[in-house]
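Student:
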Amino acid sequence: MGAYYEMIGEKNKGEKNRAHMNVTWDATGYEKDFSFVPSYGEGVIDLIDVRPGETCLDLGCGNGALTVALRERGLDAFGMDASPEMLALARERHPELRLLEGDATSFTLERPVDVVFSNAVLHWIDRERHPEALAHVSAALRPEGQFVFECGGHGCGARIHAALAREFEARGLAYELPFYFPTIGEYAPLVEAAGMRVTHALLFDRPTALKGPNGMADWIRMFVQRPFEGMAPELADEIIAAAVASLAGELLRDGTWYADYVRLRMRAVKVQ
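Counting along the sequence shown from 1, when you hit position 219 you're at 219 in the UniProt record's numbering, and nothing is skipped either side.
#1: Under three-state DSSP, which class holds A201?
#2: DSSP three-state call for A245: helix, strand or coil?
#3: How far does the alpha helix (DSSP H) with W219 in it reach, from first residue to last?
#4: Would H154 and V262 be called neighbours here (beta carbons separated by less than 8 Å)?
#5: Apart from the five residues on each side of it in sequence, which residues of its chain come closer than 7 Å, Cβ to Cβ, to V271?
#6: Considering only the beta carbon of each residue, do D237 and L251 sit closer than 8 Å?
#7: Are the Cβ atoms of P131 and Y175 separated by less than 8 Å?
#8: Among E92, D81, A77, H161, which residue has its Cα nearest to the Cα of L122?
#9: Going by beta-carbon coordinates alone, are D114 and C61 separated by less than 8 Å?
#10: Can you tell which of V68, S246, P178, L247 has the C-alpha that lies nearest to the C-alpha of I125?
#11: Are M266 and A170 closer than 8 Å when you measure CB to CB?
#12: So what's E54 in DSSP terms, helix, strand or just coil?
#13: Is L47 helix, strand or coil when you go by DSSP?
#14: Measuring CA to CA, which of P143, R221, A65 is closest to R111?
#15: What are the partner residues of E150, as DSSP defines its beta bridges?
#16: Would you mind working out which of S246, G53, D76, V191 sits nearest F147, comparing C-alpha positions?
#17: Pull up the distance between the alpha-carbon of R71 and that of A77, whole angstroms please.
#18: Between the alpha carbons of K211 and A242, how many angstroms are there, rounded?
#19: Using the beta-carbon count (16 or more within 10 Å), is W257 buried or exposed?
#20: Which of the three DSSP states, helix, strand or coil, is assigned to Q272?
#21: Using DSSP with H/G/I as helix, E/B as strand and the rest coil, what is P84?
#22: Just to confirm, is the Cβ distance from L264 to E150 under 8 Å?
#23: Would you call E42 buried or exposed, if buried means 16 or more other Cβ atoms sit within 10 Å of its Cβ?
#24: Taking the Cβ atom as the reference point for each residue, do R91 and L100 lie within a distance shorter than 8 Å?
#25: Smallest Cα separation from R93: which of L75, T67, D103, V116?
#26: In whole angstroms, what separates the C-alpha of A140 from that of I45?
#27: Excluding sequence positions up to five away, which residues of its chain have a Cβ less than 6 Å from the Cβ of A133?
#28: Among E234, E167, A158, R166, which one has its Cα closest to the Cα of R206?
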């Protein structure tokens, strides 16, 4: 089976439009300072009705930590990611894993799987591309196969993005939110239109502690890259510093920075 999926990976690798990765990852910095991303994904795995030995695609596997966790639950899991930087780190950390390069909006599998799992990936896909991405997920699943995921939900990072928008506006610049954060009411119909039946949906606040005294600035630099593209570094630093200062009263608590996360968690089953 490993050779089979390696062959599929070569097909996906040629895709040019990696729409869900609106960022170039510092993979080592991500692992060092933002390890909470995969660690929170452990709870998402609990939504899977695990039948040992069933196949599972970890879509947007990042450094492979959750692919390992899926395998530890008894699934025959393999990973796929659009980021060569992340895949290189995953291969270094977990040489035993099957890892493929592919895009969530265009990947294909010649053999369907029992589970597609995704954590902290879907909000990177441009809003208009979600029907396309969900169609590929559905096509990758066997009938009654499970799609289990968590992503940013409506209101995620609202205070942070509002602060950045104010600082952009103060300098005569427009701030474009680089993520899609849907409500349950927005997203469940998209999932069902792709041929899947939603069986669980939850939108919830999850304030998330950031690492170190510069945690908020580091978070912005890691995750909010697109609005700063083409900007002089000095101006970017100025905007980030001003936004961080304005957020201290709301998101700095006892010396720890918090990101005002809201998460959307769902489980869906492919209709036969």
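C-beta atoms are modelled at their ideal positions from N, C-alpha and C, and glycine is treated no differently.
Tutor: On the basis of the data shown:
#1: Position 201 of the sequence shown, counted from the first residue, corresponds to residue 201. Three-state result, A201: strand.
#2: Within the sequence shown, the letter at position 245 stands for residue 245. Helix.
#3: Position 219 of the sequence shown holds residue 219. Segment 215-223, the alpha helix (DSSP H) holding W219.
#4: Start at 1 with the first residue of the sequence shown, and residue 154 comes out as number 154. Start at 1 with the first residue of the sequence shown, and residue 262 comes out as number 262. Yes, Cβ-Cβ distance for H154 and V262 is below 8 Å.
#5: Taking the sequence shown and counting its residues from 1, one reaches residue 271 at position 271. Cβ neighbours of V271 beyond the five flanking positions: G195, M196, R197.
#6: The sequence position of residue 237 within the sequence shown is 237, counting from 1. The sequence position of residue 251 within the sequence shown is 251, counting from 1. Their beta carbons are not under 8 Å apart, which means D237 does not touch L251 by this criterion.
#7: Here residue 131 corresponds to residue number 131 of the sequence shown, with the count starting at 1. Here residue 175 corresponds to residue number 175 of the sequence shown, with the count starting at 1. Going by beta carbons, P131 and Y175 fall outside the 8 Å limit.
#8: For the purposes of this step, residue 122 is identified with residue 122 of the sequence shown, where counting begins at 1. The shortest C-alpha separation from L122 is found at D81.
#9: For the purposes of this step, residue 114 is identified with residue 114 of the sequence shown, where counting begins at 1. For the purposes of this step, residue 61 is identified with residue 61 of the sequence shown, where counting begins at 1. No, the Cβ-Cβ distance between D114 and C61 is not below 8 Å.
#10: Reading the sequence shown from its first residue, position 125 is the one you call residue 125. Per the Cα distances, P178.
#11: On the sequence shown, position 266 is the one that residue 266 refers to. On the sequence shown, position 170 is the one that residue 170 refers to. Against a cut-off of 8 Å, the Cβ pair of A170 and M266 comes out as no contact.
#12: Locating residue 54 in the sequence shown gives position 54, where the first residue counts as 1. Here E54 sits in coil by DSSP.
#13: Position 47 of the sequence shown, counted from the start, is the residue given in the question as residue 47. DSSP places L47 in coil when its eight states are reduced to three.
#14: For this step, residue 111 is matched to residue 111 along the sequence shown. Answer by Cα proximity: P143.
#15: Against the sequence shown, residue 150 aligns to sequence position 150. The partner list for E150 (beta bridge, DSSP) reads N119, R265.
#16: Reading the sequence shown from its first residue, position 147 is the one you call residue 147. For the residues S246, G53, D76, V191, the minimum Cα distance to F147 belongs to V191.
#17: Here residue 71 is taken as the residue at index 71 of the sequence shown, counted from 1. Here residue 77 is taken as the residue at index 77 of the sequence shown, counted from 1. Cα-Cα distance, rounded: 6 Å.
#18: For the purposes of this step, residue 211 is identified with residue 211 of the sequence shown, where counting begins at 1. For the purposes of this step, residue 242 is identified with residue 242 of the sequence shown, where counting begins at 1. K211 and A242 have their alpha carbons spaced roughly 19 Å apart.
#19: Counted from its first residue, the sequence shown places residue 257 at position 257. Flag for W257 reads buried.
#20: In the sequence shown, residue 272 corresponds to position 272, counting from 1. Annotated three-state conformation of Q272 is coil, per DSSP.
#21: For the purposes of this step, residue 84 is identified with residue 84 of the sequence shown, where counting begins at 1. Of the three classes helix, strand and coil, the one that applies to P84 here is helix, per DSSP.
#22: As a working note, residue 264 is residue 264 in the sequence shown. As a working note, residue 150 is residue 150 in the sequence shown. A contact, by the Cβ cut-off of 8 Å.
#23: Position 42 of the sequence shown, counting from 1, holds the residue named residue 42. Exposure of E42 is indicated by the presence of fewer than 16 other C-beta atoms within 10 angstroms of its C-beta.
#24: The residue you call residue 91 lines up with position 91 of the sequence shown. The residue you call residue 100 lines up with position 100 of the sequence shown. No; because the gap between Cβ atoms is not below 8 Å, this pair is not in contact.
#25: Position 93 of the sequence shown, counting from 1, holds the residue named residue 93. Residue T67 is the option with its Cα nearest to R93.
#26: Stepping through the sequence shown from its first residue, residue 140 is reached at position 140. Stepping through the sequence shown from its first residue, residue 45 is reached at position 45. The C-alpha of A140 lies about 19 Å from the C-alpha of I45.
#27: What you label residue 133 is simply residue 133 of the sequence shown in a count that begins at 1. Excluding residues within five positions, the ones whose Cβ falls inside 6 Å are A104, T105, I125.
#28: By one-based count along the sequence shown, residue 206 stands at place 206. The residue with the shortest Cα to Cα distance from R206 is A158.
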